[in-house]
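Residue numbers (the numbering used here): 51 to 236.
Structure, rendered in structure tokens:
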């Protein structure tokens, strides 16, 4: 069973209009969720969450909020869902899906599948052979070492290939302005 840790974030805003002083305070909750050494199925909350897997093959869904999700070891399935999320797979053959929002996905050490989802995403491949699919939006895809497949989708996308034989998947220049850094286009 995953352990829950609550953090309280307090935001204080002072503003002065003419002679009056107005004080606003807002309280938002952030939840820390930690996995166990075995396989875990963890879900976040409607707020911003920090969710960390462990050694097992974990399934993690951040739900709403701008979440930070780390898979750690194992073959993990990470889903950011709604919000501007940060997902890091860790070691293992991982699948990361950012969902709606401007997300950042990092594949880490092994062969990974990264799906940006809607909006403008940044995807980083790993040392192995990865598949990076930006989806709709203006995405930035960085293949890294290995023989990677990079797909942009509708929107203006940027592709950066790394050492290895990389393949730019299907794209349509009519979808937006495409830029290629260190990629050989055939």
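Heads up, the beta-carbon is just placed ideally off N, CA and C, and yes, glycines get one too. As the structure is a computational prediction, the values presented were derived from the model and not from experiment.
Asked, Found
"CB of residue 103 within 7 angstroms of CB of residue 126, strictly", "yes"
"Enclosing beta strand (DSSP E) for residue 165 [first to last residue]", "163-165"
"Where residue 129 sits in the DSSP three-state scheme", "strand"
"Option nearest residue 205 by Cα separation, candidates 181, 156, 187 and 120", "187"
"Residues that DSSP places opposite residue 134 in a beta bridge", "Looking at the DSSP assignment, residue 134 forms no beta bridge with any residue, so it has no partner."
"Separation of residue 211 from residue 164, as counted between CA atoms", "15 angstroms"
"Straight-line Cα distance separating residue 214 from residue 140", "21 angstroms"
"Residue nearest to residue 179 in terms of C-alpha spacing, selected from 96, 111 and 158", "158"
"One or two residues paired with residue 146 in a DSSP bridge", "128 and 164"
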